[in-house]
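Residue numbers (the working numbering), protein chains in the order written: chain A, 1 to 236; chain B, 1001 to 1236.
Each residue gets a CB set at the ideal place from its N, CA and C atoms; glycine is no exception.
Encoded as structure tokens, the structure appears first; notes follow it.
Number of protein chains: 2
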Amino acid sequence: MKNKRVDLACEQCTVRKFSRFAILQNDELNEMTYNKTCTAYKKGQVLFHEGTRPLGVFCLHGGKVKVYKTGYDGKDQIIQIAKNGDLLGYRAMISDEMYPVTAETLEDTTVCFIPKNDFIQTLDDSSELSRLLLKEACKDLGVMTESLTNLAQKPVRERLAVTLLMLKDTYGVDAVENGSVEINLTREDLANIVGTATETLIRLLHDYKEEGLIESKGRKIKVMDEKGLVKVANIY
Amino acid sequence: MKNKRVDLACEQCTVRKFSRFAILQNDELNEMTYNKTCTAYKKGQVLFHEGTRPLGVFCLHGGKVKVYKTGYDGKDQIIQIAKNGDLLGYRAMISDEMYPVTAETLEDTTVCFIPKNDFIQTLDDSSELSRLLLKEACKDLGVMTESLTNLAQKPVRERLAVTLLMLKDTYGVDAVENGSVEINLTREDLANIVGTATETLIRLLHDYKEEGLIESKGRKIKVMDEKGLVKVANIY
DNA sequence: CAAAAAAACTGATATATATCAAAAAGAAAA
DNA sequence: TTTTCTTTTTGATATATATCAGTTTTTTTG
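Right, dumping it as structure tokens:
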């Protein structure tokens, strides 16, 4: 499969203001992106593979990407759903390790690639960028702490509610109707976020439906009773 | 309960070379630690509480500290066992949030406290320190990714093996006999690392014993058959 | 469009693990 | 030392969830 090259100028990039590069000066940005390449990925393609060495960072321009780790029995655990403006693949680069996760597009996605050296150079030059990344990493560590605790303590039924609320919060904005979560997530993907078996997830969605908490048609899930879901999630 | 003040000079601190402050110049170190206070904590005391605002960072000088998050049903999930030379409580400070976790001593521990402003000042001045912390945060995110996946996918029996191997690797060094893990962890604590019920953990330890994988007396657990444990852990 | 493949769903069954309850052992305190 | 409290252990039971197997539906592809 050959991917189309695309021409995207950072200067007039529409997602830049949402991205971590919003804080960069124009000259810093130009320097960093001098060698960048932008590529149109089709759905289901892999940006980088778990266990491989980072060669650069990926900046998403439209489309969604699932970031997951594969367990020893071949089951995937989804760690993050990355979206518009998100930067991927820089952490392993900074910590100088192999990628601990795989990144795969959930839909057709345009992705800019910045080679390692250019990114590192900019990071070295811009204490603002490195400070921002440090801050974000610390924040994410807090978030992961919570995920870990939920996973260890909450039953699946509660975790699914947490997940749906999170998805609605994070991705509900660009959904057609308000309150609906429409990402190209298969039931299996959803199960791999929650950390459960696909069949269990399907049954629980069915239950939620019967209880009037959600409605669903195909992959579109609409939250009908947010308060009820919060109650099921057993948070606060 | 009143804690004793202790006088510890960073310049001749024996754990400094293991700590993140090893990279600081002497003048930077002096500046940062000018207002530091060192305190002798007794076992079971809390350094900081989940949900409170960070006021400074804690540097451990001997002793072990458990870092945990409390779930909504009151059960704790232990995220980390901090030891000699470890720095605690800086992440929430950097991300400008409340503490997502509680830190509590597992044994009598001497702890140096550096007020927020001094630490932040040093961080701003030392790009080396901030780079180091960024690198560590990125590394820890990778580690947490793995923990999360294990928690979601591995059965308790495997997770316990993983935990024992990890404890042996990380804390086995300062144990009296080789290969033995001796930290002041109650069975409940151990269960709260693995993410299971105390009774289940006790039964599994019993099984391991019968299988000749470990020996235990009181809180001292000795790994007898590391290869066997690795097999049970189902890694690699 | 038809054919093939993937995903979604339903049902039956097994089991790992949690929960509850109570006894025994050990540690701390008076 | 005796008492009290905490921790550890054992047993019985319940149940949430995984697993397996098969069908239906949807999506993809040639």
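Proximity of chain A to R1157 (chain B) at the Cβ level (cut-off 8 Å) is not reached, the minimal Cβ distance being about 14 Å. Chain B has no Cβ within less than 8 Å of the Cβ of Q121 (chain A).
Segment contact: the stretch 189-197 of chain A against the stretch 152-160 of chain A, three or more CB-CB distances shorter than 8 Å; contact assigned. Within the model, the alpha-carbon separation for K1168 (chain B) versus V1223 (chain B) is close to 8 Å. When C-alpha distances from D1140 (chain B) are compared across B:A1152, B:T1109, B:L1185 and B:R1091, the shortest belongs to B:R1091. Straight across, the Cα-Cα distance linking S19 (chain A) with E128 (chain A) is about 14 Å. Per the DSSP secondary-structure output, E211 (chain A) pairs with nothing in a beta bridge. With 16 or more other Cβ atoms inside 10 Å of its own Cβ, N1192 (chain B) counts as buried. Contact of D73 (chain A) with chain B is assigned, a C-beta pair being separated by under 8 Å.
By the 16-neighbour rule on beta-carbons within 10 angstroms, P54 (chain A) is buried. By the rule that beta-carbons nearer than 8 Å mark a contact, N1234 (chain B) touches chain A.
A Cβ of chain B is located within less than 8 Å of the beta carbon of C138 (chain A). The C-beta of E1104 (chain B) comes no closer than 8 Å to any C-beta of chain A.
Here the alpha carbon of V65 (chain A) sits roughly 29 Å from the alpha carbon of K227 (chain A). For S130 (chain A), the three-state secondary structure derived from DSSP is helix. Against L1151 (chain B), the close residues of chain A are L148, L151 and A152, in the order they occur along the chain (beta-carbon pairs closer than 7 Å).
The secondary-structure analysis by DSSP pairs P1054 (chain B) with nothing; it has no beta-bridge partner. Apart from sequence neighbours up to five positions away, no residue of its chain approaches S95 (chain A) with a beta-carbon distance below 7 Å. About 3 Å separates the beta carbons of G1063 (chain B) and T1109 (chain B), which is inside the 8 Å limit, making them a contact pair. A straight-line Cα-Cα distance of about 19 Å links H61 (chain A) and N26 (chain A). Under the DSSP assignment, R1157 (chain B) falls in the alpha helix (DSSP H) whose first and last residues are V1156 to Y1171.
Straight across, the Cα-Cα distance linking E1104 (chain B) with I1202 (chain B) is about 23 Å.
A Cβ of chain B is located within less than 8 Å of the beta carbon of K135 (chain A). Those residues of the stretch 74-94 of chain A placed with their C-beta closer than 9 Å to a C-beta in chain B are K75, D76, Q77, I79, Y90, R91, A92, M93 and I94, ordered along the chain. In summary, D124 (chain A) is exposed, with fewer than 16 beta-carbon neighbours lying within 10 Å of its beta-carbon over all protein chains present. The alpha-carbon of L148 (chain A) is positioned some 24 Å away from that of K1231 (chain B). Straight across, the Cα-Cα distance linking K4 (chain A) with F113 (chain A) is about 13 Å. When only Cα atoms are considered, L1133 (chain B) and E1107 (chain B) end up about 27 Å apart.
At a cut-off of 8 Å between beta carbons, G63 (chain A) makes no contact with chain B. Per the DSSP secondary-structure output, Q80 (chain A) pairs in a beta bridge with A:V67. Spatial neighbours of D1076 (chain B) in its own chain (CB-CB distance under 6 Å, excluding positions within 5 residues in sequence) are listed in chain order as Y1068, T1070 and N1192. Sorting A:E31, A:R187, A:D73 and A:V156 by C-alpha distance to the C-alpha of K116 (chain A) places A:E31 at the top. Residue-level contact check: G195 (chain A) touches chain B, since one or more beta carbons of chain B fall below 8 Å from its beta carbon. Its chain contains V1015, F1018, S1019 and L1060 as the residues whose beta carbon lies nearer than 7 Å to that of G1085 (chain B), once the 5 sequence neighbours on both sides are disregarded; these appear in chain order.
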